[in-house]
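Engineer: Residue numbers (my numbering): 1 to 290. No residue lacks a Cβ here, since even glycine has one placed at the ideal position from N, Cα and C. Pasting a structure here, questions to come.
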Amino acid sequence: MYGPAAPYIADYIRLLHGQIDSATHLSMWAEPFEVNYLSPATIAKADSLFDSARVAAGEDAALLDRVELAHLPILWLKLNSFSQGGTLYVKTEELPDYLARFTAMVDKHHIVETGAFQNDFGKIGKFIDRVRAASETEFYNQWWVIGPFDNTDNKAMSVAYVPELEFDTSKVYTGKDGKNVSWKKYGDLTTGYVDFNKAFGYSEYTVAYARAIIHSSESETAKFGVGNNDGIRIWLNGKMVYDYDKAALGPNQHFFTARLNKGENSVLVKVDQLRHGWGFYFARMKGSVQ
């Protein structure tokens with residue numbers, strides 16, 4: 001089927017099998033917005049293999065088309081990363097070219113769905129809409145985080161742990177089960193999802209905090225998008241601006257507006273955890289707020 005390109009496609013398949021077999025974040029409970037089994041190194045290696053496959057295919061148009069079709073899942077992954085706030089694979093200025101390549105392939109081969117997911121996640125049309133919407137969204141994926149703290153009675157969202165009252169990266173606090181916790185940096189350029197399970201390790205019945213700075217060139221009202229698992233509270237410059245006690249995972253599941261000061265604005269996010277997934281998305285919508 002792949003002729004002279006076959007060795008490179010075979011290496012690609014083995015690469016993916018090895019990556020998934022060794023994945024440490026495999027979970028039957030995970031949502032599509034929470035899990036990515038393919039590391040940046042894996043994606044780079046896959047791209048290299050497909051470059052070699054194209055060279056091997058030469059001017060055989062039919063074979064080149066089959067190679068591009070085999071590469072389509074990697075292209076989808078890059079666009080999916082962008083749709084969730086990732087900046088590593090696709091830059092905003094590169095998006096038109098990536099989308100043109102993707103839509104040309106799915107249209108040519110009449111691909112309308114990538115799989116049976118809840119809420120139309122696998123629908124190609126909905127996927128393209130999410131990708132385009134992300135180009136009008138500024139995700140925040142660089143944070144200071146601290147936790148976990150105890151939430152055994154599921155009432156910790158109403159408990160003001162010390163990091164809720166002060167920000168001091170030099171201090172050590174008492175977390176869940178008496179363990180020492182302190183502020184540490186967290187960032188992931190492949191997604192806008194702040195994964196507390198990744199930051200702290202899996203735990204149950206806990207809460208954690210994340211802090212970031214928003215810069216504004218002027219005093220203005222801004223619109224923000226939120227997705228969370230489980231409940232979430234958000235403070236802007238010390239004032240609570242958002243409170244939602246149910247899980248709503250995925251980018252921009254809910255929106256709120258808040259006033260930004262000119263210069264630096266502090267954002268504090270608190271998310272509780274019962275079981276399974278634990279984290280949040282936080283983004284600012286581009287453009288003026290009516």
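(1) For N80, which three-state DSSP category applies?
(2) From L26 to Y193, what does the alpha carbon distance come to, in whole angstroms?
(3) Around the C-beta of V67, are 16 or more other C-beta atoms found within 10 angstroms, so that it is buried, or is it exposed?
(4) Drop a sphere of 10 angstroms on the beta-carbon of D272, count the other beta-carbons inside from all chains shown, and report buried for 16 or more, exposed for fewer.
(5) Would you mind stating whether A46 and I13 have Cβ atoms separated by less than 8 Å?
(6) Are E204 and L260 closer than 8 Å when you measure CB to CB?
(7) Beta-carbon separation of I9 and A53 under 8 Å?
(8) If we define contact as Cβ-Cβ less than 8 Å, is L88 a contact residue for chain C?
(9) Determine the DSSP secondary structure at D153, reduced to helix, strand or coil.
(10) Using only alpha-carbon positions, find the residue among S158, I234 and D230 that is nearest to A212.
(11) What separation, rounded to the nearest whole angstrom, lies between the Cα atoms of T103 and S83?
(12) If you count every other CB in all the chains shown that lies within 10 Å of the CB of N154, and 16 or more means buried, which is it?
(13) Between I124, H215 and P40, which has its C-alpha nearest V106's C-alpha?
(14) Going by the beta-carbon positions, is the gap between A222 and T174 smaller than 8 Å?
(15) In whole angstroms, what is the alpha-carbon distance linking P7 and E59?
(16) Can we say the stretch 128-146 touches the stretch 169-185, given the rule of at least three CB pairs closer than 8 Å?
(17) To which residues of the same chain is G225 closer than 8 Å at the C-beta, ignoring the five residues directly before and after it?
(18) Short of 6 Å in beta carbon distance, which residues of its chain neighbour W29, apart from the five on each side in sequence? Order them along the chain.
(19) Can you tell me whether DSSP reads E93 as helix, strand or coil?
(20) Whole angstroms are fine: how far does the CA of L69 sit from the CA of A133?
(21) Express the C-alpha separation of T191 and Y161 in angstroms, rounding to a whole number.
(22) At which residue ranges does the stretch 120-154 contain complete beta strand (DSSP E) runs of 3 or more residues, listed in the order of the chain?
(23) When you compare only the Cα positions, how much space is there between T24 and Y244?
(24) Taking the continuous alpha helix (DSSP H) assigned at V55, which residues delimit it?
(25) W235 bridges to which residues according to DSSP?
(26) Can you check which of these residues, R101, N237 and L16, is closest to I214 by C-alpha distance?
(27) Work out the CA separation of L268 and A210 for me, nearest whole Å.
Structural biologist: On the basis of the coordinates in this document:
(1) helix
(2) Confidence at L26 is low in this model, with a pLDDT of 49, below 50, so the placement of that residue should be treated as unreliable; the coordinate-derived value is given next. The straight-line gap from Cα to Cα measures roughly 17 Å.
(3) buried
(4) buried
(5) no
(6) no
(7) yes
(8) The structure shown contains no chain C; it is built from a single protein chain.
(9) coil
(10) I234
(11) 15 Å
(12) exposed
(13) I124
(14) no
(15) 18 Å
(16) yes
(17) T137, P251, N252, Q253, H254, F255, Y281, F282, A283, R284 and M285
(18) Only weak support is given to the placement of W29: the predicted model assigns it a pLDDT of 48, under 50, and the question is left unresolved by the model.
(19) helix
(20) 25 Å
(21) 28 Å
(22) 137-139 and 142-150
(23) Per-residue confidence for T24 stands at a pLDDT of 49, beneath the threshold of 50, marking its modelled position as unreliable; no derived number is given.
(24) P40 to A57
(25) M240 and L268
(26) N237
(27) 6 Å
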